[in-house]
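Encoded as C-alpha cells, the structure appears first; notes follow it.
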Ligand SMILES: Nc1ncnc2c1ncn2[C@@H]1O[C@H](COP(=O)(O)OP(=O)(O)OP(=O)(O)O)[C@@H](O)[C@H]1O
Ligand SMILES: [Mg+2]
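Have a look at this one:
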C-alpha cells in the first residue's frame with residue numbers, strides 16, 4: 335500500500351506557478367529521495383505534503399494529497415503535521431529548552447501521554463530511535479543549544495518521532511553537517527524506514543544514490559522522472575535526468 339499519494343498537485347505563489355501538475359505515489363517503509371536543482375520546487379512540494387504551506391498567505395494549492403488513502407484536506411491540519419513530521423535543513427530545536435523538553439513538548443501538547451512516567455518512557459524511546467540517547471542520557475536537562483549540529487538534527491528527528499508519525503519528511507537534513515554526522519543521519523534513516531516512510535529532499539545526488547529506494551527528479555516544478563534509484567542512476571529514461579545526475583546540467 336502507498337503511504338502517500340500526490341494527485342495532480344499545483345502550487346502557486348501569487349501568480350507564479352511553481353509546482354506543476356505533480357502525480358506521485360510513495361510506498362510505505364521506504365526511503366524516497368527527491369532531487370533537483372535549486373528553485374525546482376522541492377521544498378514547496380514537501381511543505382504542500384504536510385500543509386505547512388498554508389501558513390504562507392501567498393501560496394495557493396490545487397489537487398490532493400492522500401495519506402493512507404485519506405485526503406489531508408479532510409483532516410485537521412495539526413493532525414496532518416503530527417502524522418507527517420518534518421525536519422529542516424538548519425537544525426531548529428527550541429534552543430532555550432532542555433533536551434528533554436524539546437522531545438516532551440509535542441506529546442504533552444497533543445496529550446499523547448497520561449503521566450510523567452509515560453512521558454519519560456516516550457522521550458527515551460524517541461531519543462533511542464533517533465540514535466541520540468547514548469550521547470545525551472546523562473544530560474537531559476542541558477539546553478538543546480549546547481548540542482553539536484549533528485546532535486541537534488537528531489534531536490529534531492526525535493522530536494518528530496515522539497509524535498508517532500507515519501511519514502517523516504526531511505528537507506536537506508544534512509547539508510549543514512560534517513561527513514561523520516551526515517553518515518550517522520543516513521544510517522539512522524535506513525534504520526527508520528523499517529517503521530516509517532522517509533521522504534528526503536537532497537542536493538547531494540550521491541546521497542540519493544546511497545540511501546534512496548526510489549528517486550524522483552524535479553525540474554522547474556515538474557516531475558521529470560521517478561523510479562527505482564538504481565534505474566534512475568544507471569539507466570535514466572529522460573535525457574534531462576541523465577544530464578543532471580552526471581553533472582552536465584545547464
Ligand atoms: N514563500 C515563497 N513565496 C514566493 N515564492 C517562493 C516562496 N518559496 C519559494 N518560492 C519560489 O518558488 C520556487 C521553488 O522554491 P523551492 O524553495 O520550493 O525550491 P527548492 O527546489 O527547494 O530550492 P533549493 O534547492 O534552493 O532549496 C522558487 O522559484 C522560489 O523562489
Ligand atoms: Mg529547498
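In my numbering, the protein residues as written are 335 to 584.
Even glycine gets a Cβ: it sits at the ideal position worked out from N, Cα and C.
Computed from a predicted model, the values in this text were never measured in an experiment.
Through-space distance from residue j to residue i, alpha-carbon basis
i	j	result
residue 440	residue 419	11 Å
residue 393	residue 451	42 Å
residue 449	residue 463	21 Å
residue 425	residue 477	14 Å
residue 345	residue 569	30 Å
residue 572	residue 562	14 Å
residue 461	residue 427	14 Å
residue 404	residue 369	26 Å
residue 552	residue 355	12 Å
residue 525	residue 437	20 Å
residue 351	residue 386	18 Å
residue 414	residue 435	22 Å
residue 578	residue 410	38 Å
residue 406	residue 480	36 Å
residue 447	residue 580	49 Å
residue 472	residue 373	42 Å
residue 519	residue 508	7 Å
residue 513	residue 381	27 Å
residue 391	residue 556	23 Å
residue 582	residue 371	12 Å
residue 383	residue 399	6 Å
residue 545	residue 564	11 Å
Collapsed DSSP secondary structure at residue i in the structure displayed
i	result
residue 440	helix
residue 580	coil
residue 397	strand
residue 386	helix
residue 460	helix
residue 473	coil
residue 413	helix
residue 350	strand
residue 358	strand
residue 484	helix
residue 376	helix
residue 465	coil
residue 446	coil
residue 328	Absent from the model: residue 328. The displayed extent of the chain is 335 to 584, so no value can be given.
residue 339	strand
Own chain partners of residue i with C-beta closer than 7 Å, once the 5 adjacent residues on each side are dropped
i	result
residue 527	363, 364 and 365
residue 486	425, 427 and 478
residue 360	336, 337, 338, 366, 531 and 533
residue 444	416 and 497
residue 554	374
residue 559	551, 566, 570, 571, 572 and 575
residue 539	369 and 579
residue 376	368, 370, 535 and 552
Proximal residues to residue i (C-beta, below 8 Å), its chain only, five neighbours per side dropped
i	result
residue 499	416, 417, 418, 419 and 530
residue 482	515
residue 421	487, 490, 491, 494, 502, 503, 504, 505 and 507
residue 469	485
residue 474	432, 433, 434 and 457
residue 465	488, 518, 521, 522 and 525
residue 348	392
Proximal residues to residue i (C-beta, below 6 Å), its chain only, five neighbours per side dropped
i	result
residue 566	549
residue 542	367, 369, 536 and 549
residue 467	461
residue 453	438 and 447
residue 609	Not covered by the structure: residue 609. The range shown for the chain is 335 to 584.
Neighbour flag for residue i against chain C, beta carbons, 8 Å
i	result
residue 504	Looking at the structure shown, chain C is missing, and only one protein chain is on hand.
Fill in: Continuous beta strand (DSSP E) assignments of at least 3 residues falling wholly in the stretch 489–575
Within the stretch 489–575, the complete beta strand (DSSP E) runs of at least 3 residues are 501–505, 531–535, 548–553 and 556–562.
Worksheet entry | Shell residues, 7 Å Cβ cut-off relative to heavy atoms of ligand 2 | Here the residues come out as 376, 377, 505, 506 and 535.
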